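Using our numbering, the letters of the sequence shown map in sequence onto residues 31 to 402.
The beta-carbon is built from N, C-alpha and C at its ideal position, and this holds for glycine as well.
All values derive from a computational prediction rather than experimental measurement.
Worksheet: the structure to be examined is printed underneath.
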Amino acid sequence: MSNRAARRNRSGSAADRLGLGSTSVEAPVAPVCDIEAWLATYQPRGKSWRSTPEAPLGFEGWDGVADFVRATVGRFLEREGQVSLFTARTLTRAVTELALFAAEQGTTVSSTTVLNHVTVQQFDQALAKALRARVKAAPARVRAKVETAGTSTIASQVGTARRVGQALNPRGGWPAASERRHRYLSLPYTSAEVRLLEDQISRNQGIARRNGEAFLVLGLGAGLDGRWVAQVRREHVEDLGVDGLMVHVPGRAVPVLREFEERLRALVDDTPGGGLLFGGTAVHRGAASEAVARIRLDPAGPELELGRLRSTWLVAHLALGTRVPELMAAAGLESMTALSDMAEFVAPLDQDPDRCATAVRVMLRGVEAVAR
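Structure, rendered in structure tokens:
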């Protein structure tokens, strides 16, 4: 056997060593006790898969999801039986990245909210977006290699996250393989669910109530989710008087829906200069998730998910007839995928079928409706 072949048998292919494929030589199965001991002390290292040259990302929020990750991987391994330590590492890294992603979106970290089809698809989208940024920043001579390796990693790790989710949360909305579509959406709240959230949040006290009010106003009124809502300061809100309010976030300005203007003004008036609208002054990764966890809600009611507030805002604008180009700009969307996903949640023009058909015909003719 050549030296090259011997090295390949000992260590597997290059893709195997990078965790991008299956090993060419089956790794020895580790005793369960060894994996349990390793998992108890696991700490993620290096850079997140969602890291980009412009926005380096590590694992700053690990402490907030560590217990969930260890419990989730432990439960999954109990179902799977003995596995190699390499497999345990792959599983744990995938669940860690998924949990941190969900927490940064303001999702309460639990099996039902993290291990579901929607969250995994959004995670897939976030990884793909980060990969595009890394490919763009890479030297031209290696871009193809970066893209190939990154695409393989995404497929492997998203597949791992999906497998864990399907095993531990079978009611997570998983489509059959033949029905699986590349869609990324958080379901909008119904009007009844919004009323329940409003009522439950109003029953909180102190900073928790402040957090909840800011999430509702900025989410339902301006479409801001966990990526932006915990970074909005008093100075980012522009009051135009009778012309309403604008919330400025990086790269865009978002007009606030009229029904939320007075509530936003109240938040601004109650925020000191330099302060964050949702409370405090310091911006840190995971702040939105921590604030969501602080808010007490009825377990029987809807959970507070910032992505769902944003989806509800999108549906509200579609129902108002807001033009697509302007809505995409205000929402910071790069494609129409999110809007096409939300279209099915827009209420009909009229509950009466005949009147609805008439209203649709009038609208599509491009003429004003005639009062009868």
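If you draw a straight line from the alpha carbon of residue i to that of residue j, how long is it in whole angstroms?
i: D269; j: L145; result: 40 Å
i: E289; j: G274; result: 10 Å
i: E291; j: E108; result: 51 Å
i: W258; j: G189; result: 28 Å
i: L227; j: R239; result: 12 Å
i: L287; j: A244; result: 14 Å
i: D384; j: R201; result: 38 Å
i: A60; j: G111; result: Its pLDDT being 46, under 50, A60 is placed unreliably in this model, and the value from its coordinates should be taken loosely. For A60 and G111, the distance between alpha carbons rounds to 11 Å.
i: V139; j: F131; result: 10 Å
i: V277; j: S182; result: 39 Å
i: G316; j: A296; result: 25 Å
i: E209; j: T143; result: Its pLDDT being 40, under 50, E209 is placed unreliably by the model, and nothing is read from it.
i: S78; j: A163; result: 14 Å
i: T220; j: G351; result: 19 Å
i: R233; j: G310; result: 20 Å
i: E265; j: V272; result: 19 Å
i: L306; j: D300; result: 10 Å
i: E405; j: V247; result: Only positions 31 to 402 of the chain appear in this structure, which leaves residue 405 out of reach.
I'd like the list of long-range same chain contacts for residue i, defined as Cβ closer than 6 Å, with 5 residues on each side in sequence excluded.
i: A160; result: R80, T82
i: R282; result: G362
i: G180; result: L161
i: E335; result: T137
i: W204; result: H147, Q196
i: D154; result: V188
Span of the beta strand (DSSP E) holding residue i?
i: E134; result: Note, E134: premise wrong, no beta strand (DSSP E); alpha helix (DSSP H) at 115-134.
i: M358; result: No beta strand (DSSP E) holds M358; the alpha helix (DSSP H) holding it covers 354-361.
i: L275; result: 275-279
i: A283; result: 282-285
i: D269; result: 267-269
Residue i and residue j: beta carbons closer than 8 Å?
i: L69; j: S141; result: no
i: D328; j: Q230; result: yes
i: G236; j: R263; result: no
i: T71; j: V99; result: no
i: I325; j: G242; result: yes
i: I184; j: L115; result: no
i: D380; j: A368; result: no
i: E134; j: S319; result: yes
i: S216; j: R395; result: no
i: L294; j: V267; result: yes
i: V95; j: A129; result: yes
i: A321; j: F308; result: yes
If I measure Cβ to Cβ from residue i and keep anything under 8 Å in the same chain, skipping five residues before and after, which residues do I get?
i: V165; result: R173, V176, E177, G180
i: P218; result: R338, S341, T342, L344, V345, M372, F375
For the alpha helix (DSSP H) that residue i lies in, which residues bound it at each end?
i: G180; result: 173-198
i: P383; result: 383-395
i: H147; result: 147-167
i: E347; result: The sequence given here places His at residue 347; Glu does not occur at that position. Run containing H347: 336-350, per the alpha helix (DSSP H) assignment.
For residue i, I'd like the list of residues in its chain whose CB is within less than 7 Å of its CB, leaving aside the five on either flank, ordered along the chain.
i: V284; result: A252, G253, M276, V277, A360
i: H347; result: L357
i: A167; result: P83
Exercise. So, do the stretch 328-346 and the stretch 367-379 have three or more beta carbon pairs nearer to each other than 8 Å?
Worked result: yes
Exercise. With contact counted as at least three CB pairs below 8 Å, one residue from each stretch, are the stretch 329-338 and the stretch 351-368 in contact?
Worked result: no
Exercise. Given 8 Å as the limit, is there contact between the stretch 115-129 and the stretch 189-198, that is, 3 or more CB pairs closer than that?
Worked result: yes
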